[in-house]
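Q: After the structure tokens below, expect a handful of questions from me.
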Amino acid sequence: MAPDAPADIVLTGGTVYTVDAARPRAGAIAARAGRIVAVGNERDIKGHIGPRTRVVDLTGRMVVPGFQDAHVHPVHGGLNQLRCELRGARGREGYLELIAAYATAHPDRPWIVGGGWYMDDFPRGTPLREDLDAIVPDRPVYLTNRDGHGAWVNSRALAIAGVDASTADPPDGRIERDADGRPSGTLHDGAATLVELHVPPATAEELVEALRIGQRYLHSLGITAWQDAIVEDDQFGAYTTLAARGELTARVVGALWWERSRGDEQIEELIERRTRGRIGRFSPTSVKIMQDGVLETFTGAMIEPYLDGNGGSSGNRGLSFVDPARLPGYVTRLDAEGFQVHFHAIGDRAVREALDALEAARNAHGLTDGRHHIAHIQVVHPDDLPRFAGLGVVANAQPYWACHEGQMDTLTIPFLGPERTTWQYPFKSLLKSGARLAMGSDWSVSTPNPLLEIEVAVTRVADITRDAPPFLPAERLDLAEAVEALTMGSAYVNHLDAETGSIEAGKAADLVVLDRDLFAPDAGPIGDARCLMTLVEGVPVFEDPGLDG
Ligand SMILES: [Zn+2]
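Sequential numbering of the sequence shown, starting at 1, is according to the numbering used here.
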């Protein structure tokens, strides 16, 4: 190919926001053979247009680098759309209507499986089995809540799993019980697993279809790459199948699941899986360690106990899912084997245990290129803030949660108390301390729409509660900081920053066309902006019919 061969595609007549400090803004881009060949003004780019070049007139709209979601569960999100999906409703009545309709429409399904209910739609966040028994008495029902840390089950499901008054709480979970000690229908974390083990697994075909649905949806929101935050057998098979067929259009780093009931004997298997899984755009080079649960169910690991809701101490400090005495050894070995470690840490003790483990790895053999990251970082003890930058640990933020809404106001703040409430989601403080920030959605827990996430990152108010006061407004990010976190920041964590994450000549043409300039004074709420076109290596993977309108 001649160096001056015409471009395959040219985007011109708008604002190009590059996330490249050397040239923050431009007006046009040309791409050829999957790469950006020129970034400049309209005149610079004109010479790249040949007879077969597709020319997209941006009509004043904005191009940004493809968004990268640093913590997402696309197979799960896609699977929800194939199952009993409760995200379309709010409130007990609304959920029960959807469940009854689904059961009627699928008489041949032996189990009713699905999820997406909000804890704050039920007193104390705990729905009851009787409600499900009344509409589905004869088949087991298993419905996870929105964050996936709890399940609502009926009596039939409990009976099949053999969970009754005599069943002890597992070490990593809790069974909600009535006054007589019988399970009342809500199971937290490890307790939900007792029933989940009996749910017939999705077939390999369903999982591939789920990933296809998830990928299509994420592309439609401008996402060109992501890190799948839990890759177990199911997800692994779906990715390798889709990648082998050449249908994985997104770039995906998979975080292989660390089984917390096992020790470092599983590392050999993880290495084998990493080797076998590197196909096409899939690269399972990360390992996910889930160090605690969530605050709403008091399974998040806290340095000091939760409050009891009346200002007194509950005595409960939550759970460390992996023994903190063993964690540094595991992390040191993973780091030495060239894995990235992707932590789930919600409580301040879990964050500290993760940092301690990463520090141990660093002390053992120096700084590697692991680009380890801690996701969620809901409560960070102020003493630990500078440790992120000091240890080169990336803060993986889920900004959509950093706002006042029911779960925060009724199930979290009263149990943290005033001081620890102000330690939540300290994104600006982390940036100021020199930490690198990546961002992700945790879909299917929350919306995967990057524009809605950016809106909360810069306002600390969510689209669903735009009249609420901002949550800890000192932690608001600038728009440029939020966009950078969702592009270069996440690309860094995915080891994709040399190829993607910014718009520069020579990088892959992973690009998004938005319907407006997000920085314009009249842009309106950022979450109202829409993605009109998504390109991966110059090829459209999503196109809105309104693009040429
Ligand atoms: Zn997650």
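Beta carbons: idealized from backbone N, C-alpha and C, even for Gly.
Note that this is a predicted model, so its numbers are computed, not measured.
(1) Where in the segment 155-186 do unbroken runs of the beta strand (DSSP E), each at least 3 residues long, occur, reported from the N-terminal end onward?
(2) How about Val56 and Thr12: do their beta carbons lie closer than 9 Å?
(3) Is Asp442 close to ligand 1? I mean its beta-carbon at under 8 Å from any heavy atom of the ligand.
(4) Exposed or buried, what is Asp292 when buried is set at 16 or more other beta-carbons lying within 10 Å of its beta-carbon?
(5) Whole alpha helix (DSSP H) runs in the segment 81-151 with 4 or more residues, listed along the chain?
(6) Glu419: which of Pro51, Val380, Met439 sits nearest, CA to CA?
(7) Helix, strand or coil for Phe343 per DSSP?
(8) Could you check if Gly148 belongs to the surroundings of ligand 1, using beta carbon to heavy atom distance under 8 Å?
(9) If you count every other CB in all the chains shown that lies within 10 Å of the CB of Glu247, and 16 or more means buried, which is it?
(10) Please state the DSSP three-state secondary structure of Pro540.
(11) Is the segment 29-40 touching the segment 467-481 in the sense that three or more CB pairs, one from each, lie closer than 8 Å?
(12) Report the partner residues of Leu11 according to the DSSP bridge assignment.
(13) Using DSSP with H/G/I as helix, E/B as strand and the rest coil, what is Ile526?
(14) Taking 9 Å as the cut-off, decide whether the C-beta atoms of Ile550 and Ala354 are in contact.
(15) So, are the CB atoms of Thr167 and Glu176 less than 9 Å apart?
(16) Under the rule that 16 or more other beta-carbon atoms within 10 Å means buried, what is Ala350, buried or exposed?
(17) State yes or no: is the C-beta of Trp226 within less than 9 Å of the C-beta of Ala70?
(18) Please classify Val483: does DSSP put it in a helix, a strand, or coil?
(19) Alpha carbon to alpha carbon, how far is Gly417 from Ile271? Give it in angstroms, no decimals.
(20) Please report the distance separating the alpha-carbon of Ser429 from that of Glu475.
(21) What residue range does the beta strand (DSSP E) around Gln235 cover?
(22) Where Thr193 and Thr297 are concerned, what is the direct C-alpha to C-alpha distance, given to the nearest angstrom?
A: Put simply:
(1) 173-177
(2) Your numbering for residue 56 matches position 56 in the sequence shown. Your numbering for residue 12 matches position 12 in the sequence shown. For Val56 and Thr12, yes; Cβs fall inside 9 Å.
(3) Walking along the sequence shown from the start, residue 442 turns up at place 442. It does: the Cβ of Asp442 is within 8 Å (strictly closer) of some heavy atom of ligand 1.
(4) Residue mapping note: residue 292 aligns to position 292 of the sequence shown, counting from 1. So Asp292 counts as buried.
(5) 92-105, 129-135
(6) Within the sequence shown, residue 419 is the residue found at index 419, counting from 1. Out of Pro51, Val380, Met439, Val380 has the C-alpha closest to the C-alpha of Glu419.
(7) Here residue 343 refers to the residue found at position 343 of the sequence shown. Of the three classes helix, strand and coil, the one that applies to Phe343 here is strand, per DSSP.
(8) Position 148 of the sequence shown holds residue 148. Yes; taking the cut-off as 8 Å, the Cβ of Gly148 has a heavy atom of ligand 1 nearer than that.
(9) Within the sequence shown, residue 247 is the residue found at index 247, counting from 1. Exposed, by the Cβ-count rule.
(10) The residue labelled residue 540 in the question sits at position 540 within the sequence shown. Of the three classes helix, strand and coil, the one that applies to Pro540 here is strand, per DSSP.
(11) no
(12) Residue numbering aside, residue 11 sits at position 11 when the sequence shown is read from its first letter. Ile29, Val56.
(13) Residue numbering aside, residue 526 sits at position 526 when the sequence shown is read from its first letter. Three-state result, Ile526: helix.
(14) The requested residue 550 is not part of the displayed model; the chain covers only 1 to 549.
(15) In the sequence shown, counting from the first residue as 1, residue 167 sits at position 167. In the sequence shown, counting from the first residue as 1, residue 176 sits at position 176. Contact: no.
(16) On the sequence shown, residue 350 is found 350 positions in, with the first residue counted as 1. Buried, because 16 or more other Cβ atoms sit within 10 Å of the Cβ of Ala350.
(17) Taking the first residue of the sequence shown as position 1, residue 226 is located at position 226. Taking the first residue of the sequence shown as position 1, residue 70 is located at position 70. Taking 9 Å as the Cβ cut-off, Trp226 and Ala70 qualify as a contacting pair.
(18) Counted from its first residue, the sequence shown places residue 483 at position 483. DSSP places Val483 in helix when its eight states are reduced to three.
(19) Position 271 of the sequence shown holds residue 271. Position 417 of the sequence shown holds residue 417. Their backbone Cα atoms lie some 43 Å apart in a straight line.
(20) In the sequence shown, counting from the first residue as 1, residue 429 sits at position 429. In the sequence shown, counting from the first residue as 1, residue 475 sits at position 475. Each residue's Cα considered, the two are about 7 Å apart.
(21) Against the sequence shown, residue 235 aligns to sequence position 235. Segment 233-244 is the alpha helix (DSSP H) holding Gln235; no beta strand (DSSP E) there.
(22) In the sequence shown, the residue the question calls residue 193 occupies position 193. In the sequence shown, the residue the question calls residue 297 occupies position 297. The alpha-carbon atoms of Thr193 and Thr297 are separated by roughly 15 Å.
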